[in-house]
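Undergrad: Here the sequence shown is numbered in the working numbering, starting from 920 and rising by one per residue.
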Amino acid sequence: MKSPIKDSPLRNPGETLDNQINELINAEAMSHIVSVLLVGILTATEWWRWYMELPPRPYVYTVIFIIVLIYTVPKIFKIKKQLKSLRQGLDGEKAVGQYLEGLREQGAKVFHDIPGDGFNLDHVIIAPSGIYVIETKTYSKPEKGRAVIIFDGTSVKLNNLPGNEKPIIQVIAAASWLKALLKESTGKQFETKPVVVFPGWFVEPTSETKNSDVWVLNPKALPSFVANSANSLSEEQISMAAFHLSRYVRGHNKANK
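#1: Which ranges does the alpha helix (DSSP H) cover as unbroken runs of at least 4 residues, wholly within the stretch 924-996, from first to last along the chain?
#2: Exposed or buried, which one is residue 1134 when buried takes at least 16 other CB atoms within 10 Å?
#3: Buried or exposed for residue 1173, please, with buried defined as at least 16 other CB atoms from any protein chain shown within 10 angstroms of its CB.
#4: Return the first residue and the last residue of the alpha helix (DSSP H) that residue 1046 is part of.
#5: Could you give the residue range of the alpha helix (DSSP H) that holds residue 1142?
#6: Suppose you measure from the CA of residue 1070 to the CA of residue 1147; what does that come to, to the nearest Å?
#7: Distance, Cα to Cα, residue 1033 vs residue 1119?
#8: In angstroms, rounded to a whole number, what distance separates the CA positions of residue 1011 and residue 1055?
#9: Let me know if residue 1036 comes out buried or exposed under the rule of 16 or more other beta-carbons within 10 Å of its beta-carbon.
#10: Contact defined as beta carbons within less than 8 Å: I believe residue 936 pairs with residue 1009. What is the distance between those atoms, to the nearest angstrom?
#11: DSSP has residue 1117 in a bridge; who is on the other side?
#12: Using the beta-carbon count (16 or more within 10 Å), is residue 1016 buried or exposed?
#13: Since residue 1100 is in the alpha helix (DSSP H), which residue starts that stretch and which ends it?
#14: Would you mind giving the Cβ-Cβ distance between residue 1163 and residue 1101, rounded to the nearest angstrom? I have them listed as a contact below 8 Å.
#15: Cα separation between residue 990 and residue 1041?
#16: So, are the CB atoms of residue 1080 and residue 1116 less than 7 Å apart?
#17: Counting C-beta neighbours from all protein chains within 10 Å, is the total for residue 1061 16 or more, i.e. buried, or is it exposed?
#18: Apart from the five residues on each side of it in sequence, which residues of its chain come closer than 6 Å, Cβ to Cβ, to residue 1194?
#19: Would a check of beta-carbon distances place residue 1087 closer than 7 Å to chain B?
#20: Could you give the distance in angstroms between the alpha-carbon of residue 1082 and the alpha-carbon of residue 1127?
#21: Going by alpha carbons, who is nearest to residue 993 out of 970, 1038, 947?
#22: Among 1104, 950, 1074, which residue has its Cα nearest to the Cα of residue 1123?
#23: Based on Cα-Cα distance, which residue from 962, 1156, 1169, 1121 lies nearest to residue 1059?
#24: Give the single residue among 1088, 1106, 1046 whose Cα lies nearest to the Cα of residue 1154.
#25: Classify residue 1051: buried if its beta carbon has 16 or more other beta carbons within 10 angstroms, exposed otherwise.
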């Protein structure tokens, strides 16, 4: 018997983060939790035997239990912190993916979680106005006051924090990778637009952004930016780029099963 599904499905928004969350829970957190429970049960059993005046005494197991607690509890709290960060990122990618889905009605092809070699592209839009590589950054907002991101063309500044160039460098590299992938696959030159989105934050560009090739936006604004940009791709070019990107993703999924 074989599966009736001929081609591997495309990926969902945040699928890489979803896999990381499951791996963190199943491969790491559970081993520490099971260790604590197992030693705790042994310790409780020995204390019961001591209470019932049955040898041996439980001191050895108590010492072991304390050692296990000292070792595992900090690791469990560390995993809990990592899970919170991953889940926040996952929620952000899903939210952005939902904003982008509406572009399909305007003839765009939307892809999520494109796997690379040790990295992934959160979202890719192939629309009449061009090909967009979107990096989602889901940062925690301050408890009080405005949540403002200032973009100066080369770095982003969150409220009063120092400027951070990493999101810009990352998305430019991602866009270049996709451009090279499509060139190798299709033999055609497709320009790719790097975009960074910050869910829940107000983005304030400076005058220097006019010289930047990168868009930094709140994701709610992205669909209108894409839809209102001048068309640069024909339907044939959109179909070609989408076909080759789909083939790459399905081939990658199949190879990693």
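Backbone N, C-alpha and C define an ideal beta-carbon position, used for all residues, glycine too.
TA: On the basis of the coordinates in this document:
#1: 934-942, 949-970
#2: Residue 1134 is buried by the Cβ-count criterion.
#3: By the neighbour-count definition (other C-beta atoms within 10 Å, threshold 16), residue 1173 is an exposed residue.
#4: Per DSSP, residue 1046 belongs to no alpha helix (DSSP H); it is in the beta strand (DSSP E), 1039-1046.
#5: 1141-1147
#6: 21 Å
#7: 24 Å
#8: 7 Å
#9: exposed
#10: 4 Å
#11: DSSP lists no partner for residue 1117.
#12: buried
#13: Residues 1085-1105.
#14: 6 Å
#15: 36 Å
#16: In this structure, the beta-carbon distance from residue 1080 to residue 1116 does not fall below 7 Å.
#17: Exposed.
#18: This structure cannot speak to residue 1194, because the chain is shown only from 920 to 1176.
#19: The structure shown has no chain B; it contains just one protein chain.
#20: 14 Å
#21: 947
#22: 1074
#23: 1121
#24: 1046
#25: Buried, because 16 or more other Cβ atoms sit within 10 Å of the Cβ of residue 1051.
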